[in-house]
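Worksheet: one structure, shown below.
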Amino acid sequence: MTKTKRANALMYVVLIIVSVISVFPLYWMVISATNKSVDVSRGTMLPGTAFLDNFKSLFQLQPVQSAMINSFKYAIILTVCALVICSLAGYGFEIYHDKGKDMVMSILLLAMMVPFVATMIPLFRMFSSAKLLDSTIAVIFPTISTPFLIMMFRQSARSFPHDIIEAARIDGLNEIQIFFRMFIPTMRSTYAAAMTITFMNAWNNYLWPKVIIQSDANITMPMLVANLTEGYVTDYGVLMLAVLLCSLPTVIIFFLLQKSFAEGITGAVK
Amino acid sequence: MSQTKSQKRKMSLEKKHNLTGWAFLTPATLMIAVMSFWPMVQAFILSFQTGTANKLKFDGFSNYTRMFKDSVFMQSLGNTFLYLIIQVPIMLILALILASMLNNKNLRCKGLFRTAIFLPCATSLVSYAIIFRSLFGVDGFINSVLIKLGILHTGYNFLGHATSAKIIIIIALVWRWTGYNMVFYLSGLQNIEYSVYEAAKIDGASPMQTFFKITVPLLKPTILLTAVMSTNGTLQLFDESLNLTRGGPSNATITMSHYIYNQSFKYVPKFGYASAMSFLIFILVAILAFIQMKVGDKRD
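Protein sequence lines correspond, in order, to chains W and U. Adding 1469 to a residue's 1-based position in the first sequence gives its number in our numbering. Adding 688 to a residue's 1-based position in the second sequence gives its number in our numbering.
Take a look at the structure:
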């Protein structure tokens, strides 16, 4: 009995240490955003009073407002397009599956192995010759359709009862109506998980926007944050405030959708 | 008569559904074809060409032979594999241990632990790279604590020394991705009946035995999935190399993707050479995925 008690205590100790390590850098980021750079260097771990000053300097230094708007614009458009297109495909692959479609699916899965750096140069040339450099389309288009999302929706469509489809057909709904009125509302948690993943990936994407975006007016938040470190002197307070602003949207989305996110992943792993 | 008619109607209905299915999957399929497969073919063609952006001409295998004589590229290849071999196993084992701890039904504050451990994944790659860069800077937090504790007299340039810079990249990667993999394991564990664990406990199995005899074998498909994903991700590392260490000191931590980016967009664009290097990454990803699938299959 004491042995299991000791094992239990050990488990709590491990989990607490790991949790603290996981949260600490983020706590430090928030604290630093409210402190002067000198105090951050001195290793302060308490909230300071320089938040407003940091805020002012950051907005003077960088086009934070437009970068925020851009990032939201790219991420929202991308997420909506990706969810519609990939869920349609996942549903199509599963509900109407036959040999031909299964084969197409397994070919699509090969795209998971294609590294982005390999396609980056041809894509850059493609968008550049179409005169689309620096455009929203160029930023979002390459990552709308992903085998990962299609597979996730296909897995979840597997648990969608065929009786519902049959009943809806008898009621006179056509196939596209069945998808929009029956499938989407039933699969809410899968959509939530897919939305969380896609939004986070879109918001955090750095390499492709860096390649394709040319003008300062179109930069994203991650690009702005990276730009801040380019100089020789780093103002830690201002930098951490920018990092905080860049992280806030994904953290908020994660907290809002955490529960359905876990459920959706469970459905996909099955 | 009427039977054949209804059969005919059924056939045409099936045909219609079949076509609807194709219509549903066409947009996504086309986009992957145009945005992934077609560029891959072009990258392959480009990899046999040399010259700057607009003046490319075919030059056989010269890009491929050049690659292996390029000391910076070889360094980046070595670095990437170092991260792969050290970081991926540490991260996956840690994630597995944490997931099996969190799967314990009697654990309190489960949600709190899970959220805390997953939280790093909600921060962007650029953000966490910069947080770690600042934490380990010469005048950063870690140095100030070490000085306060009397361990160091002046700040140590963690990112200025090859070994410590590599270690910091590995620490940062483990910090960022462990929770992500843990979520996959937790989901996998939820598909295992909890009674299996209770039965094992009654039979007197130790936690170690339960872990190796029940958890690991039953989670095998998920472990395989995360191993393939992590390998793929590690071979494509970019943000950390660029924003945490800038690839330095003197290319000691540069990754393949970072070097390819530099060759294509930072200096004079060498698209052909960069494509050849990126094609090597593709081949490595394919080979490693194949090996992992084979190994994963064997243990059945």
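C-beta atoms are modelled at their ideal positions from N, C-alpha and C, and glycine is treated no differently.
Are the CB atoms of U:S822 and W:Y1496 nearer to each other than 8 Å? No, these two residues do not count as a Cβ contact at 8 Å.
Would you tell me roughly how many angstroms separate the C-alpha atoms of U:A1062 and W:L1710, rounded to the nearest one? The structure shown does not extend to residue 1062 of chain U, since chain U spans only 689 to 988, so no value can be given for it.
Give every residue of the same chain whose Cβ lies closer than 8 Å to the Cβ of U:A860, excluding the five residues on either side of it in the sequence, and list them in chain order. Annotation for U:A860: Y816, A817, F820, E928 and L932 place their beta carbon closer than 8 Å to its own, counting only its chain and skipping 5 residues before and after.
Can you name the start and end residues of the alpha helix (DSSP H) that W:E1644 belongs to? Looking at the DSSP string, the run of the alpha helix (DSSP H) that includes W:E1644 is E1644 to I1647.
With distances taken between CB atoms, is the gap from W:F1622 to W:T1659 smaller than 8 Å? Against a cut-off of 8 Å, the Cβ pair of W:T1659 and W:F1622 comes out as a contact.
Do you know whose CA, among U:S938, U:A804 and U:Y873, lies nearest U:T851's CA? U:T851 has its Cα closest to that of U:S938, out of U:S938, U:A804 and U:Y873.
How would you call U:C797, buried or exposed, if buried means at least 16 neighbouring beta carbons within 10 angstroms? Exposed, by the Cβ-count rule.
Member of U:L923, U:I890 and U:I855 whose CA lies at the smallest distance from the CA of U:M944: Of the candidates U:L923, U:I890 and U:I855, U:L923 places its Cα closest to the Cα of U:M944.
Below-8 Å beta-carbon distance, U:N931 vs any chain W residue: It does: the Cβ of U:N931 has a partner Cβ on chain W nearer than 8 Å.
Exposed or buried, W:V1707, counting other C-beta atoms within 10 Å across all chains shown (16 or more means buried)? Counting Cβ neighbours within 10 Å, W:V1707 comes out buried, since at least 16 surround it.
Determine, for W:K1600, whether the minimum Cβ-Cβ distance to residues of chain U falls below 8 Å. Chain U places no beta carbon closer than 8 Å to that of W:K1600, leaving this residue out of the contacts.
With H, G and I counted as helix, E and B as strand and the rest as coil, what does DSSP make of U:V983? Secondary structure at U:V983: helix, using DSSP grouped into helix, strand and coil.
Flag this pair as yes or no: are the beta carbons of U:F829 and W:G1512 separated by less than 8 Å? Yes, the pair counts as a contact, with Cβ atoms nearer than the cut-off.
For the putative contact between U:H946 and U:G935, defined by C-beta atoms under 8 Å, what is the C-beta separation to the nearest angstrom? Yes, U:H946 and U:G935 are in contact; Cβ-Cβ is about 5 Å, under 8 Å.
Apply the 10 Å Cβ neighbour rule to W:F1723 and answer buried if 16 or more other Cβ atoms are within range, or exposed otherwise. With 16 or more Cβ atoms within 10 Å of its Cβ, W:F1723 is classed as buried.
Expressed to the nearest angstrom, what Euclidean distance is found between the alpha-carbon atoms of W:L1557 and U:L972? If you take the alpha carbons of W:L1557 and U:L972, they lie about 32 Å apart.
Boundaries of the alpha helix (DSSP H) in which W:S1540 is found, first to last residue: Judged by DSSP secondary structure, W:S1540 falls within the alpha helix (DSSP H) whose first and last residues are V1533 to I1564.
Less than 8 Å between the beta carbons of U:Y949 and W:L1676, yes or no? Yes; because the gap between Cβ atoms is below 8 Å, this pair is in contact.
Collapsed DSSP secondary structure at U:Q775 in the structure displayed: DSSP places U:Q775 in the helix class (H, G or I) of the three-state scheme.
For the alpha helix (DSSP H) containing W:D1632, list its first residue and its last residue. Annotation: the continuous alpha helix (DSSP H) that includes W:D1632 extends over H1631 to I1639.
Rounded to whole angstroms, what is the Cα-Cα separation between W:P1691 and U:Y873? Those two C-alpha atoms are separated by around 29 Å.
Touch test, the stretch 739-750 of chain U against the stretch 1576-1590 of chain W, Cβ-Cβ under 8 Å, three pairs minimum: No: fewer than three Cβ pairs fall under 8 Å.
Should the stretch 704-712 of chain U be regarded as contacting the stretch 839-855 of chain U, the criterion being three or more beta carbon pairs within less than 8 Å? At 8 Å Cβ cutoff, the stretches do not touch.
Is there a Cβ of chain W sitting closer than 8 Å to that of U:I979, yes or no? No, no contact with chain W.
Counting along the chain, where does the alpha helix (DSSP H) carrying U:A853 start and finish? For U:A853, the enclosing alpha helix (DSSP H) has its first and last residue at A850 to Q878.
Chain U beta carbons: is any one of them nearer than 8 Å to that of W:A1695? With 8 Å as the cut-off, W:A1695 counts as an interface residue toward chain U.
Give the secondary structure of U:F736 by DSSP, where H, G and I count as helix, E and B as strand, and everything else as coil. Coil.
Other residues of its chain near W:N1523: CB distance less than 7 Å, five sequence neighbours each side excluded: A1502, G1706, V1707 and L1710, listed in sequence order.
Is W:A1662 closer than 8 Å to W:P1559 when the C-beta atoms are compared? One point to set straight first is that residue 1559 of chain W is Gly, not Pro, in the sequence displayed. The beta carbons of W:G1559 and W:A1662 sit no closer together than 8 Å.
Under 8 Å, do W:I1609 and U:A716 count as touching if we go by C-beta distance? Taking 8 Å as the Cβ cut-off, W:I1609 and U:A716 do not qualify as a contacting pair.
Enclosing alpha helix (DSSP H) for U:H841 [first to last residue]: Unbroken run through U:H841: none, as it is neither H nor E.
Are the beta-carbon atoms of U:A731 and U:F967 separated by less than 8 Å? Taking 8 Å as the Cβ cut-off, U:A731 and U:F967 qualify as a contacting pair.
Just the Cα atoms here: how many angstroms apart are U:L790 and U:V862? C-alpha of U:L790 to C-alpha of U:V862: approximately 18 Å in a straight line.
Alpha carbon to alpha carbon, how far is W:V1712 from W:S1506? The C-alpha of W:S1506 is placed about 14 Å away from the C-alpha of W:V1712.
Measure the alpha-carbon distance for W:Q1531 versus W:L1693 and round it to whole angstroms. Within the model, the alpha-carbon separation for W:Q1531 versus W:L1693 is close to 7 Å.
Taking the beta carbon of W:P1630 as the centre, do at least 16 other beta carbons fall within 10 Å, making it buried, or is it exposed? Counting Cβ neighbours within 10 Å, W:P1630 comes out exposed, since fewer than 16 surround it.
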